[in-house]
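Taken in sequence, the protein lines are chains U and C. Position 5 of the first sequence, counted from 1, bears residue number 5 in my numbering, the numbering being contiguous throughout. Start counting at 1 in the second sequence, then tack on 1000, and there's your number in my numbering. Idealized CB from N, CA, C, for every residue including glycine.
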Amino acid sequence: MHVAMTVNGESVTAEVEPRLLLVQFLRDTLNLTGTHIGCETSACGACTVLVDGDAIKSCTLLAVQADDGRITTVEGVAAQADLHPLQEAFLERLALQCGYCTPGMLMSALALLNDQPRPTEAEILRAIDGNLCRCTGYIPIILAIQDAAARMGGEAPPPAAEQEC
Amino acid sequence: MYPRAFDYMAASSLDQASQALSETPGAKLLSGGMSLLPMMKLRILSPSMVVDLGKVPGLDAVGVEEDSLVIGALVRHRRIAADDAIAQHAHALRQAAAGLGDTQVRNRGTLCGSLAHADPVADEPAAVLALGGILEARSLRGIRRIPAEAFFIDAFTANLSGDEIVQAVRIPLSGRGEGSSYQKLGRQGSHSYPVVASAAWLRIEEGLVTQARVALTGLSTRPILAPGVAETLLGTDASSSAIGAAVQKSTDGIVVLEDQYGSIAYKRHIAELLTTRALHEAARLAR
Chain U
1 MHVAMTVNGE SVTAEVEPRL LLVQFLRDTL NLTGTHIGCE TSACGACTVL VDGDAIKSCT
61 LLAVQADDGR ITTVEGVAAQ ADLHPLQEAF LERLALQCGY CTPGMLMSAL ALLNDQPRPT
121 EAEILRAIDG NLCRCTGYIP IILAIQDAAA RMGGEAPPPA AEQEC
Chain C
1001 MYPRAFDYMA ASSLDQASQA LSETPGAKLL SGGMSLLPMM KLRILSPSMV VDLGKVPGLD
1061 AVGVEEDSLV IGALVRHRRI AADDAIAQHA HALRQAAAGL GDTQVRNRGT LCGSLAHADP
1121 VADEPAAVLA LGGILEARSL RGIRRIPAEA FFIDAFTANL SGDEIVQAVR IPLSGRGEGS
1181 SYQKLGRQGS HSYPVVASAA WLRIEEGLVT QARVALTGLS TRPILAPGVA ETLLGTDASS
1241 SAIGAAVQKS TDGIVVLEDQ YGSIAYKRHI AELLTTRALH EAARLAR
């Protein structure tokens, strides 16, 4: 099957088997290995990417379903070499340890902040409900997303003393 | 995990999709894919052909026709949870959609797909049952309107033939004195498959209940109406004592099955508790 889509702003075309999953298309065909494969059963969210702006699990979408779509992966979050404010906040707030869930967390957080620039803690929890992290206990991740929201809104980040890890 | 190989068709119309389903033994319809794709990856299902509804135009609308809210085949859970008309006319359905799966699943999965899949513990079917929903099954032979109470036959078995597509679900517009509610106990926290859930819908006229429906999920092999509660409530004032008496009949006539999430006695207890909460909220909204 022929597919054509936009991935991180670039047009991509390819011939794929119908059973090829979007995550495999991104990783194996396009060599964009930032999107991780975790559980492969739609539970963990490590494979989260944006399709037409919505966070979806790329292990549970066929590449052919994304035909004509606009895909953003973790490689497309930052402008060139600079980190995105979300990535800076994750780094500074120690919102990652092993880092396996991080690409998916970043994509879910980005979709949230695009929709809701100043989310409440409850909205953050709801947005990352489909992303499992087995290292951090989530609190640094929530703080990092709040911090990124403040940075993106041009405010000073909340004090680091709030961190409980 | 790769699914077994299959042929793929991105249908451009419902008629084309229905024709492909009728001509191809072992073909399956794909809408959001939140149930079908995991089953294919686990090779529980290996369809010969996947007929994708995703690009059929005009299926993603929520509209009003005659006396019903009409929700199209590609309306996703996220929209159900956020749509103003659904909040106004189908509060219980909004609650069920808002509390199912996770963000990514709600972004992709569809109401009509969930109904057609007929998972015995899915959230939305009980809400559609309580709200008196009607499903529109479309094929090249025409459109069949199926009341929700005649739609769910057994676990993963809906009243659909192989070439029929749920093109929409119709929910009666909510009038004065009507209210509904969906309450569940999740397996792990609030956003997960229910252990048990209860959906209630009431009409209260001049202080008295004139119509009621309660639907339960997680008890049986399908979401099921609980007629005992509804009948007991008729003619009462839906006060705490009237609700308390009615919910004791929550599981009358229902063969309750135990599973790893609870014994029969536990599930009956939770069904009564959740039905109490659902009736209180529905009555408050109706008044």
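Rounded distance between the beta-carbons of residue j and residue i, thought under 8 Å
| i | j | result |
| --- | --- | --- |
| L1029/C | L1053/C | 6 Å |
| R1284/C | G1218/C | 24 Å between Cβ atoms; not a contact. |
| L1093/C | I1171/C | 7 Å |
| L1131/C | L1225/C | About 12 Å separates the two Cβ atoms, so there is no contact after all. |
| M1/U | E15/U | 7 Å |
Inter-residue Cα distance where the pair is residue i and residue j
| i | j | result |
| --- | --- | --- |
| G1244/C | A1278/C | 12 Å |
| Y1008/C | V1051/C | 6 Å |
| A1286/C | A1061/C | 27 Å |
| M1039/C | Y1002/C | 11 Å |
| A55/U | D115/U | 11 Å |
| A43/U | L1273/C | 29 Å |
| G1133/C | F1156/C | 19 Å |
| S1031/C | A1230/C | 34 Å |
| V64/U | S1035/C | 17 Å |
| L1160/C | A1118/C | 11 Å |
Cross-strand partners of residue i (DSSP beta bridge)
| i | result |
| --- | --- |
| H2/U | E15/U |
| M1049/C | D1007/C and A1027/C |
| P1194/C | G1186/C |
| T72/U | L50/U |
| F984/C | The structure shown does not extend to residue 984/C, since chain C is modelled only from 1001 to 1287, so the question has no answer here. |
| Q1211/C | R1203/C |
| E1136/C | R1145/C and A1168/C |
| L167/U | This structure cannot speak to residue 167/U, because chain U is shown only from 1 to 165. |
| G1063/C | V1070/C |
| R1076/C | T1110/C |
| G1262/C | D1259/C |
Within-9 Å CB hit, residue i to chain U
| i | result |
| --- | --- |
| R1108/C | yes |
| D1102/C | yes |
| R1043/C | no |
| P1038/C | yes |
| K1055/C | yes |
| A1010/C | yes |
| R1079/C | no |
| G1033/C | yes |
| V1105/C | yes |
| S1052/C | Note on residue identity: the sequence assigns Asp, not Ser, to residue 1052/C. So, interface residue. |
Proximity test, Cβ basis, 9 Å: residue i and chain C
| i | result |
| --- | --- |
| C59/U | yes |
| E15/U | no |
| S42/U | yes |
| I56/U | yes |
| M5/U | no |
| T48/U | yes |
| P18/U | yes |
- Item | Positions along the stretch 124-139 of chain U whose CB lies within less than 7 Å of some CB in chain C | R126, A127, D129 and G130
- Task: Select from the stretch 1001-1030 of chain C all residues with a C-beta closer than 8 Å to any C-beta belonging to chain U, and list them in chain order.
- Result: M1001, Y1002, P1003, R1004, A1005, F1006, D1007, Y1008, A1010 and L1030
- Message: Tell me which residues of the stretch 1145-1174 of chain C have at least one Cβ-Cβ distance to chain U shorter than 7 Å, keeping chain order.
- Response: none
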